[in-house]
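Have a look at the structure below before the remarks.
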Amino acid sequence: MPDTATLGATPPAAGQEALVTLSRPESPQAEAFRQLRATLPFMDPERPVRVLLATSTRDDEGKTATLANLAVALAQTGRSVALVDCDMRRPGLHLLFGLDNATGLSTLLQEGVPPGLPLRETGVPQLRVLPSGPQPPDSAVLLAAPAMAEVLRQLRNQADYVLLDAPPLVAVGDAAVLAPQVDGLLLVLKAGVTQREAAQRAKALLQRVNVTILGVVLNNVQPHRDAWRYFASQGRPVR
Ligand SMILES: Nc1ncnc2c1ncn2[C@@H]1O[C@H](COP(=O)(O)OP(=O)(O)OP(=O)(O)O)[C@@H](O)[C@H]1O
Ligand SMILES: [Mg+2]
Numbered sequence: 000m001p002d003t004a005t006l007g008a009t010p011p012a013a014g015q016e017a018l019v020t021l022s023r024p025e026s027p028q029a030e031a032f033r034q035l036r037a038t039l040p041f042m043d044p045e046r047p048v049r050v051l052l053a054t055s056t057r058d059d060e061g062k063t064a065t066l067a068n069l070a071v072a073l074a075q076t077g078r079s080v081a082l083v084d085c086d087m088r089r090p091g092l093h094l095l096f097g098l099d100n101a102t103g104l105s106t107l108l109q110e111g112v113p114p115g116l117p118l119r120e121t122g123v124p125q126l127r128v129l130p131s132g133p134q135p136p137d138s139a140v141l142l143a144a145p146a147m148a149e150v151l152r153q154l155r156n157q158a159d160y161v162l163l164d165a166p167p168l169v170a171v172g173d174a175a176v177l178a179p180q181v182d183g184l185l186l187v188l189k190a191g192v193t194q195r196e197a198a199q200r201a202k203a204l205l206q207r208v209n210v211t212i213l214g215v216v217l218n219n220v221q222p223h224r225d226a227w228r229y230f231a232s233q234g235r236p237v238r
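Take the sequence shown: its position 50, counting from 1, is numbered 49 in numbering that gives the first Met the number 0, and each next residue is one higher.
What follows is the structure in structure tokens.
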């Protein structure tokens, strides 16, 4: 498996607080997301990675927060980013960016894909979001349908980077259905929580659906004391 990026995290309650790249840009956590951004061009030596999927072994490992912060970090370099909530079971991106979820990806897939997707502005320049929309009866069927391929085709034309937030692998087939449609996948694991066997099962499943695992993000790592010293020293002397 490729390199592991470590992200320090003291999870805040909800909303903007979790967007550390916006709320605490000088923090080691935000710096970790910028480092993750910096590794993107090197993740796949075969081809540039533009369409990226995040998944995990189980709920609550930090997929949504990781992808949203990576999206902000990419947008901060001036690249256009489309962040899409493909987790129709436990959607979270609309909450992070304060958007309503009355319509979104599920609406497009059920009612037809218009030319020019209705991406929502986020207040972050260059970053737009397509929320999940209401939960459909069978999201895996929708995500496997030709309409999803059309959504992805348009997204590739509308943004430099397309980041897809997906449900965990164990719960539903959605991530496995999406995986072959993207350039690569980030597996988000939670330090101290994800079981080794679950990570191994996830890796085996992804290898079966023939997706490139670009990297593993280890979330919830306590920031190393030296990291705090380094960032503290930017503004004031450190003992
Ligand atoms: N690196 C991080 N920094 C700060 N907060 C985080 C971080 N990662 C996760 N969190 C917080 O932990 C909680 C769970 O994270 P998140 O919603 O991103 O997980 P998830 O894997 O998308 O969960 P779900 O399976 O429900 O979709 C949220 O409250 C989120 O704000
Ligand atoms: Mg989520």
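Every residue gets a Cβ at the ideal spot worked out from N, C-alpha and C, and that includes glycine.
What you are looking at is a predicted structure, and each value in this text was computed from that prediction instead of being measured.
List the endpoints of the continuous alpha helix (DSSP H) containing residue i.
i    : result
R200 : R195 to R207
N100 : Premise fails: N100 is in no alpha helix (DSSP H) and is neither H nor E.
V140 : S138 to A143
L18  : Looking at the DSSP string, L18 is not in any alpha helix (DSSP H), and its letter there is neither H nor E.
Ends of the beta strand (DSSP E) at residue i?
i    : result
T54  : V50 to S55
A81  : V80 to D84
R89  : First-last for R89: undefined, no H or E at that position.
R127 : L126 to L129
V112 : Run containing V112: none; DSSP gives neither H nor E here.
V71  : Here V71 belongs to no beta strand (DSSP E); instead the alpha helix (DSSP H) covers K62 to A74.
L35  : From DSSP, L35 is part of no beta strand (DSSP E) but of the alpha helix (DSSP H) over P27 to M42.
Any heavy atom of ligand 2 closer than 7 Å to the Cβ of residue i?
i    : result
K189 : no
G88  : Contrary to the premise, residue 88 reads as Arg rather than Gly in this sequence. No, the beta carbon of R88 sits no closer than 7 Å to any heavy atom of ligand 2.
T63  : yes
D164 : yes
G91  : yes
To the nearest whole angstrom, what separates the beta carbons of residue i and residue j, a pair I think is in contact under 8 Å?
i    : j    : result
A201 : L168 : 5 Å
When you measure from the CB of residue i to every non-hydrogen atom of ligand 1, does any distance come out below 7 Å?
i    : result
N218 : yes
T55  : According to the sequence as given, residue 55 is Ser; it is not Thr. Yes, the Cβ of S55 comes within 7 Å of a heavy atom of ligand 1.
A17  : yes
Where in the stretch 158 to 188 do unbroken runs of the beta strand (DSSP E), each at least 3 residues long, occur, reported from the N-terminal end onward? 160 to 164
Using 8 Å as the threshold, is the stretch 178 to 197 in touch with the stretch 55 to 72, meaning 3 or more CB pairs across them? Taking 8 Å as the limit for Cβ pairs, the verdict is that the stretch 55 to 72 does touch the stretch 178 to 197.
Under 8 Å, with one C-beta from each stretch per pair, do the stretch 27 to 42 and the stretch 131 to 148 reach the 3-pair mark? no
Does the count of Cβ pairs from the stretch 206 to 225 and the stretch 77 to 92 closer than 8 Å reach three? no
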